[in-house]
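Colleague: As numbered in numbering that gives the first Met the number 0, residues 0 to 153 make up the sequence shown, in order.
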Amino acid sequence: MNNDQKNMDQYDHSGNPYYSHTDTTALNVPLAEWKKLLPEDLYYIAFEKGTERAFTGKYWDFEGIGTYACAACGNVLFQADAKFASSCGWPSFFQAARKDAIHYHEDRTFGMVRTETTCGRCGAHLGHLFDDGPEPTGKRYCINSVSLEFLGKK
Numbered sequence: 000m001n002n003d004q005k006n007m008d009q010y011d012h013s014g015n016p017y018y019s020h021t022d023t024t025a026l027n028v029p030l031a032e033w034k035k036l037l038p039e040d041l042y043y044i045a046f047e048k049g050t051e052r053a054f055t056g057k058y059w060d061f062e063g064i065g066t067y068a069c070a071a072c073g074n075v076l077f078q079a080d081a082k083f084a085s086s087c088g089w090p091s092f093f094q095a096a097r098k099d100a101i102h103y104h105e106d107r108t109f110g111m112v113r114t115e116t117t118c119g120r121c122g123a124h125l126g127h128l129f130d131d132g133p134e135p136t137g138k139r140y141c142i143n144s145v146s147l148e149f150l151g152k153k
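#1: Can you name the start and end residues of the alpha helix (DSSP H) that D40 belongs to?
#2: On the DSSP bridge list, what partners appear for A31?
#3: Express the C-alpha separation of A45 and C141 in angstroms, rounding to a whole number.
#4: Hey, out of K98, C72, A53 and Y58, whose CA is closest to E33's CA?
#5: For T55, does the count of other Cβ atoms within 10 angstroms reach 16, so buried, or fall short, so exposed?
#6: Going by Cα to Cα distance, which pick from R139, P135 and F77 is closest to G63?
#7: Is it buried or exposed, L112, if we count other Cβ atoms within 10 angstroms and call 16 or more buried?
#8: Just to confirm before moving on: does the CB-CB distance between G122 and D99 stay below 8 angstroms?
#9: When DSSP builds the beta bridges, which residues end up paired with R113?
#10: Could you check how far apart the C-beta atoms of P38 and W59 are, in whole angstroms? I think they sit under 8 angstroms.
#11: Since K138 and Q94 are thought to touch, with beta carbons under 8 angstroms apart, how far apart are those beta carbons, to the nearest angstrom?
#12: With C-beta atoms as the reference, is F149 less than 8 angstroms away from F61?
Now the structure itself:
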């Protein structure tokens, strides 16, 4: 699948009143409402804290100029120029688009201690943050493709 085909594979947000690329107001939407609004795969990853299999997501090897937003609410999360090839099988970024774009939580599941990343606007699970990334931050945001939507620069 080439990058143009991947870019066309977006969710239909026409029925989602919370979807916005400009509104950064925190949302407090009941899970039952998210379940009605979102496709099953997105709801599972975003609100049941699922994880897609490595090397299967549409953005793990995608390259494009633009931004990556939360697929649930549209909140801009990452700039494309912060994306790097980490060989982990998920899209990886070395910094968030802005300080409040992402929230961080201790995750002690599966016998590990990790830092979970969630959307700063809607609380959707994105992935995890690790301290093994490149300069200038040394960080690696390891993010599920399902949680992202690429917004190409126009």
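Note that beta-carbon positions come from the ideal geometry of N, C-alpha and C, so glycine has one too.
Modeller: In this structure, then:
#1: E39 to F46 is the span of the alpha helix (DSSP H), which, as asked, contains D40.
#2: DSSP, once it has assigned bridges, lists no residue as partnering A31.
#3: For C141 and A45, the distance between alpha carbons rounds to 14 angstroms.
#4: Note that residue 33 is Trp in the sequence shown, not Glu. Cα-wise, what sits closest to W33 is C72.
#5: exposed
#6: F77
#7: Per the sequence presented here, residue 112 reads as Val, with Leu not at that position. Its Cβ having fewer than 16 others within 10 Å, V112 is exposed.
#8: Taking the C-beta atoms as reference points, D99 is found no nearer than 8 angstroms to G122.
#9: D106, per the DSSP bridge assignment.
#10: Not a contact, Cβ separation roughly 19 angstroms.
#11: 7 angstroms
#12: Taking C-beta atoms as the reference points, F149 and F61 count as a pair closer than 8 angstroms.
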